[in-house]
Amino acid sequence: MSSDSKDDEIFKALANGTRRRMLDTIRDAPRTTGALCEAFPDMDRCTVMQHLKVLENAGLVLVTREGRERWNHLNAMPIQEIHDRWISQYAGHAMSVLTAMQAGMDGPPR
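Per the numbering used here, residue 22 is the first one in the sequence shown, and the count goes up by one each step.
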């Protein structure tokens with residue numbers, strides 16, 4: 022799979038607010054699928070599983086199984102890669118533009 026199509030999967034997974042909340046939920050500690058279902062009572066188990074599948078396909082969730090339990094772990098590496106590839110490059114440019122604008126506004130009146 023090309024890097025661009027993998028990035029597309031990550032962006033698609035992160036575009037949904039429910040999936041971002043799921044990642045927030047497992048950020049500090051892995052959760053079982055049952056625990057995630059309890060954390061999102063407005064959704065049925067099937068919907069939670071569909072969201073988890075999108076996150077898993079994007080590489081944002083790693084799954085381990087212990088007996089009948091399915092543990093969902095956050096994999097932050099794809100988010101770091103997105104940051105390194107996209108966000109950090111553009112953030113620096115945006116800050117230099119804002120700094121130049123601020124300097125122009127603070128300068129002597131024309």
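Just so it is clear, CB atoms sit at the ideal spot from N, CA and C, and this is done for glycine as well.
Flag this pair as yes or no: are the beta carbons of residue i and residue j separated by less than 7 Å?
i, j, result
"Ile31", "Ile103", "yes"
"Pro51", "Asn93", "yes"
"Arg86", "Thr54", "no"
"Val69", "Leu83", "no"
Within 10 Å of its beta-carbon, does residue i have 16 or more other beta-carbons around it, so buried, or fewer, so exposed?
i, result
"Leu76", "buried"
"Val118", "exposed"
"Met116", "exposed"
"Met126", "exposed"
When the Cα atoms are used, what is the spatial distance from residue i to residue j?
i, j, result
"Ser109", "Gln101", "10 Å"
"Leu35", "Ala121", "32 Å"
"Met64", "Asp45", "17 Å"
"Gly80", "Asn96", "7 Å"
Whose CA, out of the options, lies closest to the CA of residue i?
i, options, result
"Asp28", "Tyr111, Gly113 and Trp107", "Trp107"
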